[in-house]
Amino acid sequence: MTKAKVLPGTDGRKMSKSYGNTIALSDSPDEIRKKVSTMITDPARIRKDDPGHPEVCTVFSFHKVFNENEVTEIEGQCRGGKIGCVQCKKNLANKMVEHLEPIYERRQKLLENPGVVKEILANGNEKAGKVAQKTLEEVRKAMKIDFI
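For the sequence shown, UniProt numbering begins at 1 and goes up steadily by one.
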């Protein structure tokens, strides 16, 4: 139904603010790194060089979204015990920060300049009003109530 990818929460359950297992677009790079470091990994993997099972690893689910170009390589390294979970989490955190930091920085600038936000909203409101007015005129004409 939707083309958007669904990610689990940092604990492997459904992502939910009430569970406290979210990574928000507004999180700072440090917050992202901290949250990624607490993610659930393959519980059967005890040592760094033990073969992993990416299909049960929350970190791998995020790699599939944030690191699409290297996902096959990451899966092979995990299954072959060539990369440990800690390093895998660090790699993921770096990729996530790379993707999300521009959003965080833009949000910070907007928070520092609330006038800009009000201007953006006013412009959007004006554009939406024009579109709504045109649509309403078309509806009235189609329903033959264009005498109003």
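The beta carbon of each residue, even a glycine, is placed where N, CA and C say it ideally should be.
If I follow the unbroken alpha helix (DSSP H) through residue i, where does it start and stop?
i	result
H99	85–112
C78	71–79
Within the same chain, show all residues whose beta-carbon is closer than 6 Å to that of residue i, passing over the 5 residues directly before and after it, in chain order.
i	result
C85	T41
R107	S26
C78	G52, P54
D11	N21, I40
K48	G84
V6	none
C57	T41, D42
Can you tell me whether residue i is buried or exposed, with buried defined as 16 or more other CB within 10 angstroms of its CB?
i	result
L25	exposed
G9	buried
K17	exposed
A93	buried
I32	buried
V36	buried
T72	exposed
Using 8 Å as the threshold, is the C-beta distance between residue i and residue j below it?
i	j	result
F124	G81	For clarity, residue 124 is Gly in the given sequence; the question names Phe instead. Result no, Cβ atoms of G124 and G81 do not sit closer than 8 Å.
Who are the Cβ neighbours of residue i in its own chain at under 8 Å, not counting the five residues just before and after it?
i	result
A142	none
K14	P8
I74	P54, F60, H63, N67, I83, C88, N91
residue 153	No answer is possible for residue 153: it lies beyond the span of the chain, which begins at 1 and ends at 148.
D50	A44, G81
Going by beta carbon distance, what residues of the same chain come within less than 7 Å of residue i, once the five residues before and after it are set aside?
i	result
K118	none
**Runs of alpha helix (DSSP H) lying entirely within the region 23–62, each at least 4 residues, in chain order** = 29–37
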